[in-house]
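Asks: As you go down the protein sequences, you meet chains V and P in turn.
Going by our numbering, the first sequence opens with residue 1, and the numbers climb by one from there.
Going by our numbering, the second sequence opens with residue 141, and the numbers climb by one from there.
Positions of the beta carbon are idealized from the N, C-alpha and C atoms, including for glycine.
What you are looking at is a predicted structure, and each value in this text was computed from that prediction instead of being measured.
Dumping the structure here so I can ask a few things about it.
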Amino acid sequence: MVERLVESVLAGPGQAASELRRAVFARAFGPLSSPRSRTERATGGEDIAPDLAGYIDKVALHAYEVRDEDLAALKQAGNSDDVLFEVTVSAALGAAVGRLERGLGALRGEASPPDSLSTTSSSPPVPLSAARRGGTQEQR
Amino acid sequence: MRLAAVEHGHRLAQRLKLLLIRVVSMRRVPDVVKTLFYRPEFFGRPMCDWTQAVMRGPSPWSVGERELFAAFTSRLNQCLF
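Written out as structure tokens, the structure reads:
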């Protein structure tokens with residue numbers, strides 16, 4: 001069912017190119033915990049403009065820090081509301097599915113990789129530690 | 141809502157549903173609902189299907205436990221509900 005959601009957001013009709021949506025998803029997804037790579041991940045994040053990349057990282061890691069000015073600047077740069085809607089959903093979904101995969105990986109006993117998007121600190125951001133803590137629930 | 145299209149750009153069917161929600165609840169429609177109703181075939185519909193399955197479908201966890209997980213995770217994400 002999650003595959004259907006991902007397929008709809010990344011490959012369904014939209015204003016943003018499907019390749020861009022896949023790149024956004026892959027960037028927000030973060031590092032994989034297991035070698036069974038997803039096709040979305042393999043497309044990489046190389047074709048994302050720097051201002052958009054900064055926004056995607058914010059949505060993925062600290063969505064509560066998004067401000068009106070962030071969207072205003074991206075609109076000023078020529079992105080339509082629909083493109084920004086699709087990019088935002090792709091980024092949020094990528095971050096969510098990435099955490100889901102890593103959480104399920106932790107339940108399978110796989111080591112969790114460091115977060116490549118977190119450049120300032122070696123400790124994981126709050127949502128990742130939340131995913132890990134959530135993963136221990138099954139042991140109660 | 142920061143994107144005008146997601147605030148006001150809904151198609152007729154979704155606009156009527158939003159109106160109904162506003163009238164029945166006598167409150168402003170939450171942004172998350174507006175987001176789910178904007179171009180629902182793109183995101184809202186498959187997202188709701190998934191949410192329904194995860195939160196209400198067959199599971200060893202009770203509905204209450206699952207809601208607690210969701211609230212706890214949202215709290216850590218600094219997104220209260």
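#1: Round the Cβ separation of V:Arg21 and V:Ser90 to the nearest angstrom and send it over; I've been treating them as touching at under 8 Å.
#2: Counting only Cβ-Cβ distances shorter than 7 Å, please list the residues of the segment 78–102 of chain V near chain P, keeping chain order.
#3: Run through DSSP, which three-state label would V:Leu84 get?
#4: Would you say V:Leu71 and V:Leu52 are within 8 Å of each other, going by their C-beta atoms?
#5: Would you call the segment 183–194 of chain P and the segment 5–23 of chain V touching, i.e. three or more CB-CB distances under 8 Å?
#6: In three-state terms, what does DSSP make of P:Trp201?
#7: Which residue marks the beginning of the alpha helix (DSSP H) containing P:Val172, and which one marks its end?
#8: Counting only the same chain and skipping the five closest in sequence on each side, list residues whose C-beta sits under 8 Å from that of V:Ser18.
#9: In this structure, does DSSP put P:Leu158 in helix, strand or coil?
#10: Are V:Val59 and V:Ala26 close, meaning C-beta to C-beta below 8 Å?
#11: Under the three-state reduction of DSSP, which class applies to V:Asp47: helix, strand or coil?
#12: Tell me the DSSP secondary structure of V:Gln15 in three-state form.
#13: Quick check: the Cα distance between P:Ala145 and V:Glu86, rounded to an integer number of angstroms?
#14: Chain P partners of V:Ser18, CB-CB under 9 Å?
#15: Pop quiz: P:Ser214 and P:Arg206 are said to be a contact at Cβ under 8 Å. What is the actual Cβ separation, rounded to whole angstroms?
#16: Under a CB-based cut-off of 8 Å, is V:Gly30 close to chain B?
#17: According to DSSP, is P:Arg206 helix, strand or coil?
Replies: Well, looking at it:
#1: V:Ser90 and V:Arg21 do touch by the CB rule: their CB atoms are close to 4 Å apart, below 8 Å.
#2: Across the segment 78–102 of chain V, CB contacts with chain P closer than 7 Å involve Asp81, Asp82, Leu84, Phe85 and Val89, in sequence order along the chain.
#3: Reduced to three states, the DSSP call for V:Leu84 is helix.
#4: Not closer than 8 Å, so no.
#5: With the cut-off at 8 Å, the segment 183–194 of chain P and the segment 5–23 of chain V touch.
#6: P:Trp201 sits in coil when the DSSP states are folded into three classes, being neither helix nor strand.
#7: For P:Val172, the enclosing alpha helix (DSSP H) stretches over residues Asp171 to Phe177.
#8: Leu10 and Ala11.
#9: DSSP, read as helix, strand or coil, puts P:Leu158 in helix.
#10: Their beta carbons are not under 8 Å apart, which means V:Val59 does not touch V:Ala26 by this criterion.
#11: V:Asp47: coil per DSSP, three-state reduction.
#12: It is coil, neither helix nor strand.
#13: Spanning the two alpha carbons is a distance of roughly 12 Å.
#14: Those within 9 Å of V:Ser18 in chain P number zero; the least Cβ separation is about 12 Å.
#15: Contact doesn't hold; Cβ gap of about 13 Å is too wide.
#16: Of the protein chains in the structure, V and P, none is chain B.
#17: P:Arg206: helix per DSSP, three-state reduction.
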